[in-house]
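Take the sequence shown: its letter number 187 is residue 187 in the UniProt record's numbering, and every next letter is one higher. Backbone N, C-alpha and C define an ideal beta-carbon position, used for all residues, glycine too.
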Amino acid sequence: MSRGSDEEDPMAEDEKAHESGSPVSPVASVDKALVLLDLLADAGPDGATLVELSQATGFSKPSAHRLLGALVFRGYAARYVTEKRYGLGPNAIKLGMQFHRDENLPVLLRPVLDFLSRSTSELVHLGMLSGTQVLYLDKVDPDRAIRVWSRVGNLAPCARTGLGRALLAAEGVQGADLETYVEAARAQTDLPSNAASELRIERLAEALEDARARGWAEEVEEN
């Protein structure tokens with residue numbers, strides 16, 4: 001079977017690089033995937049489109065699409081369906097945390113979480129943005145009984161959670177960028193009835209403005 005004109009041969013590329021005397025990765029396809037991961041990290045929460053990634057790397061769109069598909073399949077990249085953009089996936093974030101396991105956020109901030117929970121008698125979460133979602137890194141339960149759905153390692157839409165809204169407010173997300181987060185939250189199948197009315201760009205913008213003004217965000221029975 002012959003190859004299509006848009007499909008590169010990694011072995012042929014390696015041979016060309018060796019002949020030219022330039023440094024070369026032992027496995028071209030793996031190197032290309034890592035180049036894409038670097039670009040997704042630089043792109044931040046807005047992510048990047050297939051066209052943008054293809055232009056930035058010089059990879060053909062079919063080649064970039066296949067590589068991104070593999071990264072999405074393994075959780076190292078995430079595809080924002082409504083915007084047709086790509087961002088870092090939860091496994092990429094977990095990998096980075098494992099690399100810095102001796103000084104990662106949960107270890108560093110656990111004393112702060114414990115203090116906050118004791119001081120307020122409330123459940124305290126630690127999380128970080130992962131595309132349009134928030135990744136829960138740690139939690140401290142209060143002494144009193146409390147019913148919660150959260151679990152360390154889980155992902156939840158930023159637009160539907162107090163933690164996610166606080167992070168979006170701190171990042172300064174506003175305007176048209178909010179639509180990506182709202183659409184991602186609407187796509188969830190477990191949406192409570194009272195949450196549907198809250199998932200509008202105007203309401204999210206108002207919630208983030210309130211959070212910036214008072215220093216904290218909230219959600220009321222939206223999960």
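Which listed residue (the options) has its alpha carbon closest to that of residue i
| i | options | result |
| --- | --- | --- |
| I201 | G215, R214, P26, A184 | A184 |
| V51 | Y76, V107, E83 | E83 |
| R144 | P106, D138, V134, S121 | S121 |
| L95 | S119, V112, G153, V140 | G153 |
| G175 | R203, R186, Q188, T161 | R203 |
Buried versus exposed call for residue i [16 or more other C-beta atoms within 10 Å across all chains shown]
| i | result |
| --- | --- |
| P26 | exposed |
| R74 | exposed |
| A33 | buried |
| I93 | buried |
Nearest-angstrom Cα separation, counted from residue j out to residue i
| i | j | result |
| --- | --- | --- |
| V72 | G58 | 20 Å |
| L116 | P142 | 10 Å |
| D102 | Q55 | With a pLDDT of only 47 at D102, under 50, the local geometry of the prediction cannot be trusted, and no value is derived from it. |
| residue 249 | T49 | This structure cannot speak to residue 249, because the chain is shown only from 1 to 223. |
| R85 | G47 | 6 Å |
| R151 | Y136 | 7 Å |
| A17 | V30 | Residue confidence is low: A17 scores 46 on pLDDT, short of 50, so the model does not pin down where it sits. No coordinate-derived value is stated. |
| G215 | G69 | 39 Å |
| V124 | L163 | 10 Å |
Cβ-Cβ distance between residue i and residue j below 8 Å
| i | j | result |
| --- | --- | --- |
| L88 | L40 | yes |
| A211 | A217 | yes |
| A78 | L36 | no |
| V182 | L208 | no |
| residue 229 | D138 | An answer regarding residue 229 cannot be provided, because it is not within the stretch 1 to 223 covered by the chain. |
| L199 | A156 | no |
| P45 | E171 | yes |
Is it true that the segment 161 to 179 meets the segment 125 to 132, where meeting means three or more beta-carbon pairs spaced less than 8 Å apart?
Because the criterion of three Cβ pairs below 8 Å is met, the segment 161 to 179 and the segment 125 to 132 touch.
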